[in-house]
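Below: the structure, in structure tokens.
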Amino acid sequence: MSLNGNSKSNNNSNSQSNNKSMTEDRRSSSQPKSTTIIKYEKSSCLFCNEWFDAQTFTEHLIHCGQVLEECPNNCHVFIPRIRMRSHLKECPRNKPPAPQQRLSVSMERLDQHADHRVQVLEQDITTIRSVLNEEIRQRLHLITDVGNIRKHNQVVEDWTRDTDESINELRRQLEEEGAQRVFATEQNQVDTQYCCNVTQSLKDQVELKLDDMQQHINQLSADVSYHQNQLNDNIIKLEELVFENERLNRDKFAQIEQFLQEINEDVKTRLGTSSEFATSKQATLDYEVKNVKSMVCETEERIEKLQVIVQDLDKSLHQTMQNISDIENQLAMQQRIASVQNIRGHLIWRIKDYSKKLEEAKQYDTILHSAMFSNKAFGYALRLDIYLNGKGTWKGRNLIACLNVLSGEYDPLLNWPCRLQAEIIIRDQSSISLEAQDYVKTIYVRKKSDDYIQSNQYFHIPHKVITSRNYLRNDSLFVEVRVLK
6 MSLNGNSKSN NNSNSQSNNK SMTEDRRSSS QPKSTTIIKY EKSSCLFCNE WFDAQTFTEH
66 LIHCGQVLEE CPNNCHVFIP RIRMRSHLKE CPRNKPPAPQ QRLSVSMERL DQHADHRVQV
126 LEQDITTIRS VLNEEIRQRL HLITDVGNIR KHNQVVEDWT RDTDESINEL RRQLEEEGAQ
186 RVFATEQNQV DTQYCCNVTQ SLKDQVELKL DDMQQHINQL SADVSYHQNQ LNDNIIKLEE
246 LVFENERLNR DKFAQIEQFL QEINEDVKTR LGTSSEFATS KQATLDYEVK NVKSMVCETE
306 ERIEKLQVIV QDLDKSLHQT MQNISDIENQ LAMQQRIASV QNIRGHLIWR IKDYSKKLEE
366 AKQYDTILHS AMFSNKAFGY ALRLDIYLNG KGTWKGRNLI ACLNVLSGEY DPLLNWPCRL
426 QAEIIIRDQS SISLEAQDYV KTIYVRKKSD DYIQSNQYFH IPHKVITSRN YLRNDSLFVE
486 VRVLK
């Protein structure tokens, strides 16, 4: 019975210790941010459930009366040390001699009575120990809770202090940001006022330039009209002079032929009279014929020179007209420069009457100019120029094009030097979009400053490519420009 009682008390103590560890695990898990390490100053005996210091715990295990030991009589029973003497008296393998039976019976009764009293005392001691152990556990729990509360309070104080510091830092940053925003707002207002003033001054300058250009164009138009009239009069006079020279030459040729016929007849009639006179007459006629031929050659050379002059005048007249048209277009662009519609860096240009314009380019070296556009809002002013018949060594076999950076309204506000990359695309006008293959060329545009003369980068497209596939359809060519950066 004592063995069962000890096992029950051991089980109770183990369950209580397990409950204690589970309680501590729950408390530690409820506080994930703080780690608590509990170091016990006392240890509980596994046999008698008493608490001992670490120094006396090992010595107690040697002398503990609840430690189970095997019976020395080999009866295969494990008895606590404190009950070994009573067990040896009751052990079936321990038979005392006959004269001592009475004494043993009396001793046995005394032992039973003592054992009964010892059991009662042990039960009372066990109850007191359990109460003391429970109180110790409660105190340990309270000490642990107080330590955890202190640590939690310390963590809360640290967190509160850090939070106050963070709030103060945020307030300081907010004040600095507010001051910076006020300063930035004032600076933006100053910059806006400056931009408005610059824009107004540029607008006034553009209006003055436009008025000057308009007057210059009117003067050029009047000069062109005057020179054109003079040229037309000179051409008419030259034509009349040429016709008069031709008529005179025809008359002279007719007179010469008639004179030669008369001479031939006279030579035939007088051939027998004087051979010397005939020879001199023939030499005179030959000399006059040579003179007439030289006059005819000079007249033809003059006619050819006049034709060249007329062609040059026609060509210069056409170039002058084109320059006037370009100036008018530039004037119109200058008028629209403050409000460029295309500000996305994307242009699609349709060139109509391609064949006619190609013939004019072959004859007069004309240049086609696209509409003005910009790479972004308030950005660089751009324009695509195309030589349909080529230029320089590429003339007659290729289309030459270049992307120009023009003087714009907002050049003082832009970054210089200017560096742009663009794609020039000849669109395939195939009716089946899946079969369309556009012709793409990449070009780089660089300009040092707004007043720097730009050295253009040209690119060529062979005429064979343009006439292939569906790039040219209904005598129209579509050229697309995409500014990449």
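The numbering of the sequence shown is the working numbering, which starts it at 6 and goes up by one.
All C-beta atoms in this analysis are idealised placements derived from N, C-alpha and C, irrespective of residue type, glycine included.
These figures come from a predicted structure and were not determined experimentally.
Under DSSP, residue 482 shares a beta bridge with 356, 477.
According to DSSP, residue 468 shares a beta bridge with no other residue. Contact between residue 304 and residue 229 does not hold, since the beta-carbon distance rounds to 32 Å and is not under 8 Å. The alpha-carbon separation between residue 185 and residue 384 amounts to approximately 28 Å. Annotated three-state conformation of residue 199 is helix, per DSSP. Here residue 405 really is in contact with residue 465; their C-beta atoms are around 5 Å apart, less than 8 Å. Annotation: residue 300 to residue 235 spans about 29 Å, alpha carbon to alpha carbon.
Residue 118 and residue 58 have their C-alpha atoms spaced approximately 35 Å apart. The stretch 347-354 and the stretch 467-478 do not touch, with fewer than three beta-carbon pairs separated by less than 8 Å. Around the beta carbon of residue 269, a 10 Å sphere encloses fewer than 16 other beta carbons of the protein chains shown; the residue is thus reported as exposed. By the Cβ neighbour-count rule, residue 386 is buried, with 16 or more other Cβ atoms within 10 Å of its own.
From the listed residues 177, 318, 312, 174, the smallest Cα separation to residue 232 is found for 318. Residues 356, 371, 373, 393 of the same chain have their beta carbon placed closer than 8 Å to that of residue 362, with the five preceding and five following residues left out of the count. Between residue 427 and residue 470, the CB-CB gap reaches or exceeds 7 Å.
Boundaries of the alpha helix (DSSP H) around residue 62: 62-68.
Assigned with DSSP and collapsed to three states, residue 386 falls in strand. Between residue 401 and the set 415, 382, 364, 381, the nearest pair of CA atoms involves 364. Going by beta carbons, residue 429 and residue 453 fall outside the 7 Å limit.
Residue 293 holds the alpha-carbon nearest to the alpha-carbon of residue 258 among 240, 293, 171. When the beta-carbon positions are compared, residue 388 and residue 379 stay at least 7 Å from each other.
With contacts defined by Cβ atoms closer than 7 Å, residue 74 and residue 86 form a contacting pair. Sequence-distant partners of residue 174 (beyond 5 residues in either direction) whose C-beta falls short of 7 Å from its own C-beta are missing from its chain. Linking residue 245 to residue 369 through their CA atoms gives a straight-line distance of about 27 Å. Exclusion of the five residues before and after residue 200 leaves 418 as the residues of its chain whose Cβ lies within less than 8 Å of its Cβ. Residue 315 and residue 241 do not touch by the CB rule: their CB atoms are close to 11 Å apart, not below 8 Å.
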